[in-house]
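A.B. asks: Just so we're aligned: 238 in numbering that gives the first Met the number 0 is position 239 of the sequence shown, and the numbers increase by one with no gaps anywhere. Glycine included, each C-beta is placed from N, C-alpha and C at the ideal position.
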Amino acid sequence: MIPEPTPTVQQLLAFYLEAGVDCALGDEPVNRLADPELAPEPRATVVHQPTVRAAPLPPPAAPPRADAAVAPDVAIASAREAARTAPTLEALRQLLENFEGCALRHTATRLVFADGNSQARVMFVGEAPGRDEDIEGLPFVGRSGKLLDRMIAAIGLDRSKAYIANVIPWRPPGNRTPTPQETQICLPFIQRQIELVNPDVLVTLGNPSTQALLQTREGIMRTRGKWMDYDTGTRTIRAIATFHPAYLLRSPAYKRMSWQDLRAIAKALEQAS
């Protein structure tokens, strides 16, 4: 007897269609003609439970930095106390070198304390050091410093006859404007510096230093060229505001007004001699 050939898949599908089979009831075929006792046990249905993800743990707290910022009110009080106790300019400089209350000291290359003659009769105060000043550690040594040298030379002065400093002794990152908090923290040091130099004439260069030292909210256009009093607590010093050299580099048309201020400064020095 010749066995019948095994049907192909196409033949089986055609048979199922003719028999009315149009869907599958399981993933695997079931031989319903086999002996049920010998049939393999059905596989257990695997129920996939959703994976429960644990909530991420919070990152570990960073250890406190040695240069962590000090609260502004604490830093201001500390600056006032430290500045008050400085008996000399050199002691004041050393206090600033070790002062931790201003974060600018950690981003600047070095302290920019002052330049010129500490016995001078005239003192110029700007706002803050720039890139060149940060590199050399001296105030007004860049383009604006060279212009300042020419300005004071026009009235017979040079750095051996003047004292030059800034309200902020460290360069702010990227030459940004110092924040009001940074200014208030550094203010006691420049005030003590003025008191120790004790000049006959104080010249504030630009709006920020004028507002910080002369306690005014008016802009430089209104304050420049006007004589005011600066009280050190032990003496009243004549003070005058004028344009910052950096502003004159951007706006040379105002050099004429600056020259008027310089002439007023020269006249005041002559009268005080």
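Which residues in the same chain have their Cβ closer than 7 Å to the Cβ of arginine 64, if we skip the five residues on either side of it in sequence?
C.D. replies: Because the pLDDT of arginine 64 is 47, which lies under 50, any placement of that residue in the model is unreliable, and the question is left without a value.
A.B. asks: Tell me the rounded alpha-carbon separation between glycine 115 and serine 159.
C.D. replies: Their Cα atoms are separated by approximately 5 Å.
A.B. asks: Out of curiosity, what's the CA-to-CA distance linking phenylalanine 188 and alanine 82?
C.D. replies: Approximately 5 Å, taken between the alpha carbons.
A.B. asks: Quick check: what's the CA-CA separation for lysine 225 versus glutamine 214?
C.D. replies: C-alpha separation (whole angstroms): 14 Å.
A.B. asks: Can you tell me which of Ala252, Ala238, Arg130 puts its alpha carbon nearest to the alpha carbon of glycine 171?
C.D. replies: At residue 171 the sequence reads proline, which differs from the glycine that was named. Residue Arg130 is the option with its Cα nearest to proline 171.
A.B. asks: Three or more C-beta pairs closer than 8 Å, one from the region 203-222 and one from the region 80-95: is that the case here?
C.D. replies: Result no; under three Cβ-Cβ pairs closer than 8 Å.
A.B. asks: Note down the Cα distance separating arginine 79 from glycine 218, rounded to an integer number of angstroms.
C.D. replies: Rounded to whole angstroms, arginine 79 to glycine 218 spans 27 Å at the Cα level.
A.B. asks: Kindly indicate which residue of Ile151, Ala265, Thr106, Leu147 has the alpha-carbon position closest to the one of isoleucine 134.
C.D. replies: Answer by Cα proximity: Thr106.
A.B. asks: Measure the C-alpha to C-alpha separation of leucine 212 and glutamate 126 and round it to an integer number of angstroms.
C.D. replies: Taking the straight line from one Cα to the other gives about 10 Å.
A.B. asks: Do you know how far the Cα of glutamine 210 is from the Cα of glutamine 259?
C.D. replies: Cα-Cα distance, rounded: 21 Å.
A.B. asks: Please state whether the Cβ-Cβ distance between proline 244 and methionine 150 is less than 8 Å.
C.D. replies: Taking 8 Å as the Cβ cut-off, proline 244 and methionine 150 qualify as a contacting pair.
A.B. asks: What residue range is occupied by the uninterrupted alpha helix (DSSP H) comprising phenylalanine 188?
C.D. replies: Residues 179-196.
A.B. asks: Can you tell me the Cβ-Cβ gap for valine 121 and alanine 161, rounded? I've got them flagged as a contact below 8 Å.
C.D. replies: At roughly 5 Å, the Cβ-Cβ gap stays under 8 Å, so valine 121 and alanine 161 are in contact.
A.B. asks: What span of residues does the beta strand (DSSP E) with alanine 164 cover, start to end?
C.D. replies: 162-165 is the span of the beta strand (DSSP E), which, as asked, contains alanine 164.
A.B. asks: For a quick check, are the C-beta atoms of leucine 137 and valine 111 less than 8 Å apart?
C.D. replies: Closer than 8 Å, so yes.
A.B. asks: Output needed for valine 124: all residues of its chain with C-beta closer than 6 Å, excluding positions within five of it in sequence on either side, in chain order.
C.D. replies: Excluding residues within five positions, the ones whose Cβ falls inside 6 Å are Ala164, Thr203, Ser208.
A.B. asks: Can you tell me whether glycine 173 is buried or exposed, with buried defined as 16 or more other CB within 10 angstroms of its CB?
C.D. replies: The residue in question, glycine 173, is exposed, as its Cβ has fewer than 16 Cβ neighbours within 10 Å.
A.B. asks: Leucine 247: buried (16+ other C-beta within 10 angstroms of its C-beta) or exposed?
C.D. replies: Leucine 247 should be labelled buried.
A.B. asks: If you draw a straight line from the alpha carbon of alanine 119 to that of proline 198, how long is it in whole angstroms?
C.D. replies: Rounded to whole angstroms, alanine 119 to proline 198 spans 6 Å at the Cα level.
A.B. asks: Could you give the distance in angstroms between the alpha-carbon of threonine 231 and the alpha-carbon of threonine 84?
C.D. replies: If you take the alpha carbons of threonine 231 and threonine 84, they lie about 15 Å apart.
A.B. asks: Can you give me the Cβ contacts of leucine 146 inside the same chain, cut-off strictly under 7 Å, excluding the 5 residues immediately before and after it?
C.D. replies: Cβ within range, chain order: Pro244, Leu247, Leu248.
A.B. asks: Would you mind working out which of Ile236, Pro6, Ala76, Glu132 sits nearest isoleucine 184, comparing C-alpha positions?
C.D. replies: The shortest Cα separation from isoleucine 184 among Ile236, Pro6, Ala76, Glu132 belongs to Ala76.
A.B. asks: In or out: serine 143 buried (at least 16 other Cβ within 10 Å) or exposed?
C.D. replies: Under this definition serine 143 is a buried residue.
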